[in-house]
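> The structure follows.
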Amino acid sequence: MEMSATIAINIQIVRGRDRALFFAAVEQLRGCLVAASSALSQEQKVSPPNIAYRFFSDNDDTAELMPGAVILWLFAALAQGNEPFHTTAARLHESIQALTLAVNGPVFLCTLFRHVPPFSEAEGGEARRLWLRQRIRRLNLLATDLSYSTGINIIDLDRTLAHLGAGPLQTDVRLGGERATAAAADTICGALLAAGLDDVVPEALLNRSQKLHGGLAGIMHRAERGQFLRPAGRPNADGEEHVGA
Amino acid sequence: MIPAYWPGGAVAKPSRGAVIRVRRLNLFLKGNLDLRDSLHSLRLNGTVCWNGLGGLLRDRFSGIHCRLLHETWTRSDALLAADGTIPVELTQRPLPLGAYSPASQFSQAMFTAPVDAVILSIQPDTMSNLLRHRTQGYLLHADNPWEWPQAEQDWLRASFDPIPRLEVADSMANLERIIERRRQFSDAPILIYNQSPVVPGEAIDCHMGLENIFSTRVRRFNLGLIELSQRTGVSIIDVDSILSRHGAESLKIDALHLNADGCRRVAEEVVRVLDDLGCLSDAQVA
Chain A
24 MEMSATIAIN IQIVRGRDRA LFFAAVEQLR GCLVAASSAL SQEQKVSPPN IAYRFFSDND
84 DTAELMPGAV ILWLFAALAQ GNEPFHTTAA RLHESIQALT LAVNGPVFLC TLFRHVPPFS
144 EAEGGEARRL WLRQRIRRLN LLATDLSYST GINIIDLDRT LAHLGAGPLQ TDVRLGGERA
204 TAAAADTICG ALLAAGLDDV VPEALLNRSQ KLHGGLAGIM HRAERGQFLR PAGRPNADGE
264 EHVGA
Chain B
804 MIPAYWPGGA VAKPSRGAVI RVRRLNLFLK GNLDLRDSLH SLRLNGTVCW NGLGGLLRDR
864 FSGIHCRLLH ETWTRSDALL AADGTIPVEL TQRPLPLGAY SPASQFSQAM FTAPVDAVIL
924 SIQPDTMSNL LRHRTQGYLL HADNPWEWPQ AEQDWLRASF DPIPRLEVAD SMANLERIIE
984 RRRQFSDAPI LIYNQSPVVP GEAIDCHMGL ENIFSTRVRR FNLGLIELSQ RTGVSIIDVD
1044 SILSRHGAES LKIDALHLNA DGCRRVAEEV VRVLDDLGCL SDAQVA
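Set out below in structure tokens:
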């Protein structure tokens, strides 16, 4: 049986609670690879690769990142809400260009789900909501612009979650809730399979995994039935790395 | 005694011979299927699946009768260029223009219709292609010209040049001029539909070389529309938000068209905005 290399993923974290989302995504990826591996014929058999991932924050030195994929989320830019948009755009462009040079792997940028909950008057009311909605839309469009100016990949959480709906998922831009986390994690897993693993996962295994995942159609299918890809379980300590924020 | 009919209020049964007050809401729709399906009616396979604003208002606001005047719309630049006169050769040549009749393409009703509110959509500007007449300069939208008789196709090729798709800045500048012109006639509120960029099945991860795909174009126009609303005070019917809230997968038939449930939710938002703007309490007493 051929051995696979290790998949290395660096994940930018804005809030501690986001770890759950990205942990779920990594586990869905692992589950998908394991299932795909077991479905391969004897001649094609490869063992599923280990997945090493680390969380990092904006303040961390990019030189410390593992060679491999990097996942960013626009939530970091949304969190800096008072920054003028053109400053945010310029800063993101610069940091992403630097990242693409610093890491030897694909860079992914997650979009923001456009649904914004109502705010109380004390929190700024409808004006705050409209402002936030506009900023989210500008950031999501910026993600597209960044993709075609720098070649980074987009993980379009907005697209998947808008297909499913904030109401049915009981979520909003913050991606709270079990179903939203599962759908977002499934989307991240699909994007990694589609564009991030060609160099480290043998072709037969990758093809089988992509087929098993099924892309957006697969996500919709699972969401309808409440059957998101099953995680492989708690990660094995071998080949794992958990550091950062 | 004259029974009172107020939004949401109880409807008193009129006694024999009593005068019934019916408030009429006149709306002018300049747009295409997104407006017609949600506000007039949606027919699928010959069956009326959604009965539009009239039914919704009847259910919720007793005594309001809604009258919709609908004209198809090719694009904002064509509307500004039209002066109400149909070019002579179009009157002499029966072209298969389908829903985009010369009367609607060169109409000025948008600026002169005496209505309680005007409802537009950005869809014509994001989607439609126009041709410019080589010598007379007028703009024409030829609907599905590849299905026209050969002689008409040849005439079209010989007489017209295609013009580029509208960019966001040009579209918004045109819409601003349209809003100004409309407001010179009346202060009736103007509502504009945005569009949902969700395309069922779209799965693009890297956008390099795909700068002008439909979803990105719609996202740009939606942002432009927000800025237009901030400058002019027009109301946005945020179709994009409605679909993302309830799930585009369950409300869309394809990239452009909504199913009955989608149409209902959009119409409900139109009613909410019209009510906020006072159109439902100020409607004309017939």
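Line order of the protein sequences matches chains A and B.
Take any residue in the first sequence, count from 1 to its spot, add 23: that is its number in the numbering used here.
Take any residue in the second sequence, count from 1 to its spot, add 803: that is its number in the numbering used here.
Every residue, glycine too, gets a C-beta built ideally from N, C-alpha and C.
Return the chain-ordered list of same chain residues with a C-beta closer than 6 angstroms to the C-beta of W876/B, the five sequence neighbours on each side being excluded.
As a position in the second sequence, residue 876/B is number 73, starting the count at 1. Once the five neighbours on either side are set aside, the close Cβ partners of W876/B are K833, G834, P927.
> State the Cα-Cα distance for the pair D1078/B and S1084/B, rounded to the nearest angstrom.
As a first step, residue 1078/B must be located in the second sequence, where it is residue number 275. As a first step, residue 1084/B must be located in the second sequence, where it is residue number 281. Cα to Cα, D1078/B sits roughly 7 angstroms from S1084/B.
> Suppose the cutoff is 7 angstroms on Cβ atoms and the five residues either side in sequence are ignored; what does the same chain contact list for D1057/B look like?
Locating residue 1057/B in the second sequence gives position 254, where the first residue counts as 1. So the list reads P1003, once near-sequence residues are dropped.
> Indicate the three-state DSSP secondary structure (helix, strand or coil) for V139/A in the structure shown.
Position 116 of the first sequence holds residue 139/A. Residue state, collapsed to three classes: coil.
> Is A185/A close to chain B, meaning its C-beta is less than 9 angstroms from at least one C-beta of that chain?
Here residue 185/A refers to the residue found at position 162 when the first sequence is read from its first residue. Yes, its Cβ sits closer than 9 angstroms to a Cβ of chain B.
> Residues of chain A with CB closer than 8 angstroms to the CB of E1052/B, please, in chain order.
Sequence index remark: in the second sequence, residue 1052/B carries index 249 (1-based). In chain order: H186, L187, G188, M243.
> Mind checking which residues open and close the alpha helix (DSSP H) that includes A920/B?
Sequence index remark: in the second sequence, residue 920/B carries index 117 (1-based). Here A920/B belongs to no alpha helix (DSSP H); instead the beta strand (DSSP E) covers 920-924.
> Under 9 angstroms between C-beta atoms, does R1075/B make it to chain A?
Here residue 1075/B refers to the residue found at position 272 of the second sequence. With 9 angstroms as the cut-off, R1075/B does not count as an interface residue toward chain A.
> I think Y996/B touches D946/B, with their Cβ atoms under 8 angstroms apart; what is that distance to the nearest whole Å?
Indexing the second sequence from 1 puts residue 996/B at position 193. Indexing the second sequence from 1 puts residue 946/B at position 143. With 8 angstroms as the limit, Y996/B and D946/B do not qualify as a contact, their Cβ atoms being about 20 angstroms apart.
> Just to confirm before moving on: does the CB-CB distance between L180/A and L192/A stay below 9 angstroms?
Reading the first sequence from its first residue, position 157 is the one you call residue 180/A. Reading the first sequence from its first residue, position 169 is the one you call residue 192/A. Taking 9 angstroms as the Cβ cut-off, L180/A and L192/A do not qualify as a contacting pair.
> D83/A: which of R156/A, V37/A, G91/A, D41/A sits nearest, CA to CA?
Taking the first residue of the first sequence as 1, we reach residue 83/A at position 60. It is V37/A.
> Please confirm whether T1019/B has its beta-carbon closer than 9 angstroms to some beta-carbon of chain A.
On the second sequence, residue 1019/B is found 216 positions in, with the first residue counted as 1. Chain A contact via Cβ: present.
> Please report the Cβ distance between A121/A and T85/A, rounded to the nearest whole angstrom; I am assuming they are in contact, meaning their Cβ atoms lie under 8 angstroms.
Numbered from its first residue, the first sequence carries residue 121/A at position 98. Numbered from its first residue, the first sequence carries residue 85/A at position 62. Between T85/A and A121/A the Cβ distance is about 7 angstroms, and since that is below 8 angstroms, they are a contact.
> Given a cut-off of 9 angstroms, decide if D957/B and R937/B are closer than it, judged by their beta-carbon atoms.
Walking along the second sequence from the start, residue 937/B turns up at place 134. Walking along the second sequence from the start, residue 957/B turns up at place 154. No, they are not a contact pair.
> Along the segment 134-148 of chain A, where does the CB come closer than 8 angstroms to a CB of chain B? Name the residues.
The residues in question are F136, R137, H138.
> Please go through the same chain and pick out, in chain order, the residues whose beta-carbon is closer than 8 angstroms to the beta-carbon of A227/A, but skip the five residues on each side of it.
Within the first sequence, numbered from 1, the residue matching residue 227/A stands at position 204. Around A227/A: L63, Q67, V69.
> Show which residues of chain B have a CB atom less than 8 angstroms away from the CB atom of N82/A.
Along the first sequence, read from residue 1 onward, the residue named residue 82/A stands at position 59. Going along chain B, no residue has its Cβ under 8 angstroms from N82/A, so there is no contact; the nearest lies around 28 angstroms.
> Restricting to Cα atoms, I'd like to know which of A43/A, R156/A, P90/A is closest to G128/A.
Within the first sequence, numbered from 1, the residue matching residue 128/A stands at position 105. Measuring from the Cα of G128/A, the nearest candidate turns out to be P90/A.
> Could you tell me whether any Cβ in chain B is nearer than 9 angstroms to the Cβ of N259/A?
Within the first sequence, the letter at position 236 stands for residue 259/A. Low confidence applies to N259/A: its pLDDT is 36, below 50, so where it sits in the model is not reliable enough to give any reading.
> Below 8 angstroms, can you find three or more Cβ-Cβ pairs linking the segment 162-170 of chain A to the segment 208-221 of chain A?
The segment 162-170 of chain A vs the segment 208-221 of chain A: no contact.
> For R1023/B, which residues in the same chain have their Cβ closer than 7 angstroms to its Cβ, ignoring the five residues on either side in sequence?
For the purposes of this step, residue 1023/B is taken as the residue at position 220 of the second sequence. Excluding positions up to five away in sequence, the list reads V971.
> Please state whether DSSP places A807/B in a helix, a strand or coil.
Walking along the second sequence from the start, residue 807/B turns up at place 4. For A807/B, the pLDDT reaches just 35, beneath the cut-off of 50, and the residue's location in the model is therefore unreliable, leaving the point undetermined.
> Does V1001/B come within less than 9 angstroms of chain A when only Cβ atoms are used?
Counting from one through the second sequence, the residue named residue 1001/B turns up at place 198. It does: the Cβ of V1001/B has a partner Cβ on chain A nearer than 9 angstroms.
> What in chain B is Cβ-close to P191/A, meaning under 9 angstroms?
Looking up residue 191/A in the first sequence gives position 168. The answer, in chain order, is H1049, G1050, S1053.
> Taking the CB atoms as reference points, tell me whether L978/B and S879/B lie closer together than 9 angstroms.
The residue given as residue 978/B occupies position 175 in the second sequence. The residue given as residue 879/B occupies position 76 in the second sequence. Yes, the Cβ-Cβ distance between L978/B and S879/B is below 9 angstroms.
> Closer than 7 angstroms by beta-carbon distance: list the chain A residues that pair up with I772/B, in chain order.
Residue 772/B lies beyond the stretch modelled for chain B, which goes from 804 to 1089, so this question has no answer here.
> Starting from the beta carbon of L164/A, find every residue of chain B whose beta carbon is closer than 8 angstroms, and list them in chain order.
If you number the first sequence from 1, residue 164/A lands on position 141. Those within 8 angstroms of L164/A in chain B are T1019, R1022, R1023, L1026.
> So if I threshold CB-CB distances at 9 angstroms, which residues from the segment 843-874 of chain B count as touching chain A?
Correct list: empty, as no residue qualifies.
> P258/A by DSSP, collapsed to three states: which one?
Numbered from 1 along the first sequence, position 235 holds the residue referred to as residue 258/A. Caution applies to P258/A, whose pLDDT of 40 falls short of 50 and renders its modelled position unreliable; the model cannot decide the point.
> Assuming R182/A contacts E1005/B under a Cβ cut-off of 8 angstroms, what Cβ separation, rounded to an integer in Å, is found between them?
Working through the first sequence from its first residue, we reach residue 182/A at position 159. Working through the second sequence from its first residue, we reach residue 1005/B at position 202. Indeed they touch by this definition, with Cβ atoms about 7 angstroms apart.
> Which two residues bound the contiguous beta strand (DSSP E) that contains Q35/A?
In the first sequence, the residue the question calls residue 35/A occupies position 12. Counting along the chain, the beta strand (DSSP E) containing Q35/A begins and ends at 30-35.
> Between M243/A and the rest of its own chain, which residues show a CB-CB distance below 8 angstroms, the 5 nearest in sequence each way excluded?
In the first sequence, residue 243/A corresponds to position 220, counting from 1. The residues are H186, L187.
> DSSP three-state label for A1089/B, please.
Position 286 of the second sequence, counted from the first residue, corresponds to residue 1089/B. Caution applies to A1089/B, whose pLDDT of 46 falls short of 50 and renders its modelled position unreliable; the value that the coordinates give is listed next. Here A1089/B sits in coil by DSSP.
> If you run the structure through DSSP and keep just helix, strand and coil, what is R896/B?
Within the second sequence, the letter at position 93 stands for residue 896/B. Coil, per DSSP.
> Please report the residue range of the alpha helix (DSSP H) in which K234/A lies.
On the first sequence, position 211 is the one that residue 234/A refers to. Run containing K234/A: 226-236, per the alpha helix (DSSP H) assignment.
> DSSP three-state call for H1005/B: helix, strand or coil?
Translated into positions along the second sequence, residue 1005/B becomes position 202. A quick correction: the sequence has Glu, not His, at residue 1005/B. The answer is coil: DSSP assigns E1005/B none of H, G, I, E or B.
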